[in-house]
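Q: Numbering (full-length UniProt numbering), first residue to last: 1 to 654.
Got a structure for you, written out below as structure tokens; questions coming shortly.
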């Protein structure tokens, strides 16, 4: 399929180039026999127009066969190229001894350019860019354009070929050509046709403005180049009519419009052409500019230096100009793909301007898109898009992103790349991976901060509830009892003593409640170091009495799980040190679907504890904490190997 598309481009473009080349090849001979130069007789205009419209049109039609705009550009370019080739052939035959069919070739060349010339500022602009009129209300404008083209073409067909004789010497003395007796259409019809053409030109320009105002931002960026090119083309043609040296302006007037189309196609992906053809389009624009330069030099210096010297000047300028224009076109289409050092410098500059991780990742994606001139770039992290640039379309390239041997994401590029482009992308990928890793760390930090704030708020709410609904009313009741007892000291000492005894018991109970509330608060090491660090810090507190070894393999855990695990471990270590007479204790914690806490000591076990003070309360507290979270509490002892505690807490409950 690609080969077929290539032939659809190569063959028509070759034909166009050969037709234009034919006119340029015979130009020195025509100059030698005294024929007016190519610029003065307006054939330079046809050379430039043939390539400027024909080559882009062929490229568009090769990939978009149904494109009306593409076919219009092909017809315009082919008509101009064929006209200039037939004209050169006819002039050479008429002025240099005769060639077969030279009179008829000159006659066809005399009028074939007219419809192609008038279709550009009228029909082409009315149909641009999607091949349809803006709305049915623009049909009268199209009818006026067709009428103007038909009248003008018929008028030139019915004119003698010597009509252009006033531009200089084109024919030998006495030459009449074919249809010498014709005088064109009636003047009234000619005026009507001219009016129709003027109306159509104004309507076509207005249609572009209307399309621009109705389009979204992306389409506006495409159309603004075409609108500017159309306005410049019309302005140059108008200027050429008002100045005596208008011939070179006419020759160059056809460049802005196809140049605007080329920029819209290449830089803004108009019609979504394949990049290979878009690049060819850019280089065809370079060729057109070179031809325009030749025409300008031939006009300005041809009379002084001669045609041969003009050609030498152009030849000397072609190579450096071609290199510069080629590099510019390559950068326009492919960005910095062929300059890895520059691409890396620009990407490094983005990293050095690092702001927030999320913003940095967006800027990195945008920079990669601009560097490679691709329609869109996205960065995915675990299948989720975390940064994007451009309008997402079909995925063409996926590049894994690795940081320190770990897969951190994927860079997605919406365009098929050449092998050397993939090599550049592989060089850019590590820098993007750094940004993805930073984004991941930033997201983890934000989540941890959010969990910390939520845990603190939860503790504040719980304390407020406990103090307001529990301790507060109790203290108020104690104060009332105290006042009552004080009043009864003198009148009823026995009752006062009874109240005071009751008050003392209630105060001790309240102190116990306050201790229970304080006991449920997360200790500072847990907030500062996390569970693993807090357990290690807790073990150091028993140095000299109990050697504690901590093994922890933990991900991020919910705050209630961390608090319960820490309190259970603290209580178990306290029992091992105070009651079990242990010298070594191991704390192992790991978390998968559940959290498992194993605490093993080498003490005397439960059998020798008897009624050790606080032991029953400690075991009850540990069991209560595990069961409140839906876990299990298992204690093994009595076999002479110390005490072994196993706690399992389900993580899903939090």
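Virtual Cβ for every residue (Gly too), placed ideally from N, Cα, C.
Tell me which residue opens and which closes the alpha helix (DSSP H) that residue 53 is part of.
A: Start and end: 43–63.
Q: Using three-state DSSP, classify residue 155 as helix, strand or coil.
A: The answer is helix: DSSP assigns residue 155 an H, G or I state.
Q: Using the rule of at least 16 other Cβ atoms within 10 Å of the residue's Cβ for burial, across every protein chain shown, is residue 450 buried or exposed?
A: Looking at its Cβ environment, which holds fewer than 16 other Cβ atoms inside 10 Å, residue 450 is exposed.
Q: Of all the beta strand (DSSP E) runs that stay within the bounds of the UniProt domain "Histidine kinase" (567–653), which reach a length of 3 or more residues?
A: Segments of the beta strand (DSSP E) lying fully in the UniProt domain "Histidine kinase" (567–653): 584–591, 594–601, 632–636, 644–650.
Q: Do residue 585 and residue 599 come within 8 Å of each other at the CB atom, strictly closer than that value?
A: Yes; because the gap between Cβ atoms is below 8 Å, this pair is in contact.
Q: Can you tell me where the beta strand (DSSP E) holding residue 412 begins and where it ends?
A: 406–413 is the span of the beta strand (DSSP E), which, as asked, contains residue 412.
Q: Please report the Cβ distance between residue 19 and residue 81, rounded to the nearest whole angstrom; I am assuming they are in contact, meaning their Cβ atoms lie under 8 Å.
A: Confirmed, Cβ separation roughly 4 Å.
Q: Do you know offhand how far residue 154's Cα is from residue 147's?
A: The straight-line gap from Cα to Cα measures roughly 11 Å.
Q: My parser needs the alpha helix (DSSP H) runs of 4 or more residues fully inside the region 158–228; what are they?
A: Complete alpha helix (DSSP H) runs here, min 4: 187–214.
Q: Return the Cβ separation of residue 70 and residue 113 in integer angstroms, given the expectation that the two are a contact with Cβ distance under 8 Å.
A: Wrong, their Cβ atoms sit about 20 Å apart, outside the cutoff.
Q: Looking at residue 379 and residue 387, is the spacing between their C-beta atoms short of 8 Å?
A: Taking 8 Å as the Cβ cut-off, residue 387 and residue 379 qualify as a contacting pair.
Q: Look up residue 483 in the DSSP assignment and say whether it is helix, strand or coil.
A: Helix, per DSSP.
Q: Would you mind reading off the limits of the alpha helix (DSSP H) that contains residue 383?
A: Run containing residue 383: none; DSSP gives neither H nor E here.
Q: Under DSSP, the beta strand (DSSP E) around residue 553 begins and ends at which residues?
A: Counting along the chain, the beta strand (DSSP E) containing residue 553 begins and ends at 547–553.
Q: Under a three-way DSSP split, which group does residue 399 fall into?
A: Reduced to three states, the DSSP call for residue 399 is strand.
Q: Reducing DSSP to helix, strand and coil, say where residue 277 ends up.
A: Because residue 277 sits at a pLDDT of 45, beneath the cut-off of 50, its placement in the model cannot be relied upon, and the following sentence gives the value as read from the coordinates. Here residue 277 sits in helix by DSSP.
Q: With a cut-off of 8 Å on the beta carbons, I'd call residue 50 and residue 86 a contact; round off their distance for me.
A: Not quite, the Cβ-Cβ distance comes to about 12 Å (not below 8 Å), so this is no contact.
Q: Measure how close the beta-carbons of residue 581 and residue 604 come, nearest whole angstrom, since I'm counting them as under 8 Å.
A: Their Cβ separation, rounded to whole angstroms, is 5 Å, which keeps residue 581 and residue 604 in contact under 8 Å.
Q: Counting along the chain, where does the alpha helix (DSSP H) carrying residue 103 start and finish?
A: From DSSP, the alpha helix (DSSP H) with residue 103 extends over 102–111.
Q: Given a cut-off of 8 Å, decide if residue 629 and residue 564 are closer than it, judged by their beta-carbon atoms.
A: Yes; because the gap between Cβ atoms is below 8 Å, this pair is in contact.
Q: Are there three or more Cβ pairs, one per stretch, closer than 8 Å when the region 220–234 is compared with the region 111–127?
A: Contact holds: three or more Cβ-Cβ distances are below 8 Å.
Q: Taking the Cβ atom as the reference point for each residue, do residue 376 and residue 414 lie within a distance shorter than 8 Å?
A: Cβ atoms of residue 376 and residue 414: closer than 8 Å.
Q: Figure out for me which residue from 596, 235, 238, 207 has the closest Cα to the Cα of residue 223.
A: The shortest Cα separation from residue 223 among 596, 235, 238, 207 belongs to 207.
Q: Using three-state DSSP, classify residue 369 as helix, strand or coil.
A: Reduced to three states, the DSSP call for residue 369 is helix.
Q: Any idea if residue 440 is buried or exposed, counting beta-carbon neighbours within 10 angstroms, 16 or more meaning buried?
A: Residue 440 is buried by the Cβ-count criterion.
Q: Could you give the first and the last residue of the continuous alpha helix (DSSP H) run that contains residue 138?
A: Where residue 138 is concerned, there is no enclosing alpha helix (DSSP H), given that its DSSP letter is neither H nor E.
Q: Distance, Cα to Cα, residue 106 vs residue 398?
A: If I take the Cα positions, the gap works out to 58 Å.
Q: So, for residue 72: in the same chain, excluding its five sequence neighbours on each side, which residues have a beta-carbon less than 6 Å away from its beta-carbon?
A: Answer for residue 72: 124, listed in chain order.
Q: Residue 510 to residue 472, Cα distance in whole Å?
A: Taking the straight line from one Cα to the other gives about 10 Å.
Q: Tell me which residues share the same chain as residue 571 and place their Cβ nearer than 7 Å to its Cβ, disregarding the 5 neighbours each side in the sequence.
A: The answer, listed in chain order, is 618, 621, 622.
Q: DSSP three-state label for residue 390, please.
A: Strand at residue 390.
Q: Exposed or buried, residue 94, counting other C-beta atoms within 10 Å across all chains shown (16 or more means buried)?
A: With 16 or more other Cβ atoms within 10 Å, it is buried.
Q: According to DSSP, is residue 36 part of a helix, a strand, or is it coil?
A: If DSSP states are grouped into helix, strand and coil, residue 36 belongs with coil.
Q: According to DSSP, is residue 255 part of a helix, a strand, or is it coil?
A: Three-state result, residue 255: coil.
Q: Ordered along the chain, which non-local residues of its own chain (more than five positions away) have a Cβ less than 6 Å from that of residue 390?
A: Correct list, in chain order: 369, 375, 376.
Q: If the criterion is Cβ atoms closer than 8 Å, does the pair residue 436 and residue 401 meet it?
A: Contact: yes.
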